[in-house]
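Undergrad: First the structure, which I've put down as structure tokens, then a few questions once you've had a look.
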Amino acid sequence: MIFDTVVVGALGVNCFVLGCEATGQGVVVDPGDEADRILAQVRQRGLTIVAIINTHGHFDHVGANRLLAQATQAPLYIHQADIPMLERVAKTAAIYGLPGENSPQPDRLLEDGMLIEFGTHRLQVIHTPGHTQGGCCLYLEEEGRLIAGDTLFADGVGRTDLPGGSHQQLVESIKNRLFTLPDQVQVYPGHGPTTSIGHEKRHNPYLD
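Using this note's numbering, read the sequence shown as starting at 184 and increasing by one per residue.
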């Protein structure tokens, strides 16, 4: 399986390019910025993108949605609760002194438990509200990998002081939805290094 990370934008978002080596189908998760670099990786791997997925609606994770969608003609997925953020990308980015481009509306909605297939692989959507109300993680069960968005980080958790955030809800999402996964599952956060479910259960200081 192809599993590439492209770190994009001023806030260092982990954009993931996933692909099926058998069929050449792939997905892009969280194209936050630098569409040209993401598309170069897609071309290098020879992938046909069948889905563009936003784990949540914050500007640093969705900034290249339009360019990726135009270039690949792939449907855009996000959870219903985070759709309003897509029309505020430019305004929100400007607050941080950064350029930003509003995103097109999604073609399809992420729902808890749904499966998104690309070739012989499939992502299971896990709705994990707290960082945002529509925040979702993507679980590759057969590969033992979890794309966690900004829900869970290595020795950290997503911030909850932005509109729609709830620390209590975030902790419940992590403990009830993510910590039920096997300890050996590798966790790929929206920013920063990879970790594992087992490590975070034992050592994450925000989840005591």
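Every residue, glycine too, gets a C-beta built ideally from N, C-alpha and C.
How big is the Cα-Cα spacing for P376 and A337?
TA: Their Cα atoms are separated by approximately 6 angstroms.
Undergrad: Pull up the distance between the alpha-carbon of P267 and that of R385, whole angstroms please.
TA: 36 angstroms
Undergrad: Smallest Cα separation from L222: which of T238, G195, T255, H241?
TA: T255
Undergrad: Name the two residues that bound the continuous beta strand (DSSP E) containing F301.
TA: Its beta strand (DSSP E) spans residues 298-301.
Undergrad: Short of 6 angstroms in beta carbon distance, which residues of its chain neighbour D216, apart from the five on each side in sequence? Order them along the chain.
TA: V191, G192, G246, A247
Undergrad: Pull up the distance between the alpha-carbon of P388 and that of L364, whole angstroms please.
TA: 19 angstroms
Undergrad: Just verifying my parser: in three-state terms, what is the DSSP assignment at G381?
TA: helix
Undergrad: Alpha carbon to alpha carbon, what distance is there between K358 and L390?
TA: 8 angstroms
Undergrad: When you compare the CB positions of L293 and H262, do they come within less than 8 angstroms of one another, or not?
TA: Contact flag set, yes.
Undergrad: Taking only the alpha-carbon atoms, compute the straight-line gap between V272 and Q316 and give it to the nearest angstrom.
TA: 17 angstroms
Undergrad: Closest to S286 by CA distance: which of D295, G280, A276 is it?
TA: A276
Undergrad: I think V233 touches V200, with their Cβ atoms under 8 angstroms apart; what is that distance to the nearest whole Å?
TA: Your pair V233 and V200 does not check out as a contact, with CB atoms roughly 12 angstroms apart and the cut at 8 angstroms.
Undergrad: Out of H314, I299, T343, state which residue places its alpha-carbon closest to the alpha-carbon of Y322.
TA: I299
Undergrad: So within the segment 325-363, which uninterrupted beta strand (DSSP E) runs reach at least 3 residues, ignoring any that extend past its ends?
TA: 328-332
Undergrad: Residues in its own chain within less than 8 angstroms of V196 by CB, not counting five upstream and five downstream?
TA: Within the same chain, V190, D213, G215, D216, D243, H244, G373, H374 come within 8 angstroms of V196 by CB-CB distance, once the 5 residues on both sides are set aside.
Undergrad: Could you spell out where the beta strand (DSSP E) holding L323 opens and where it closes?
TA: 319-323
Undergrad: In three-state DSSP terms, what is Q208?
TA: strand
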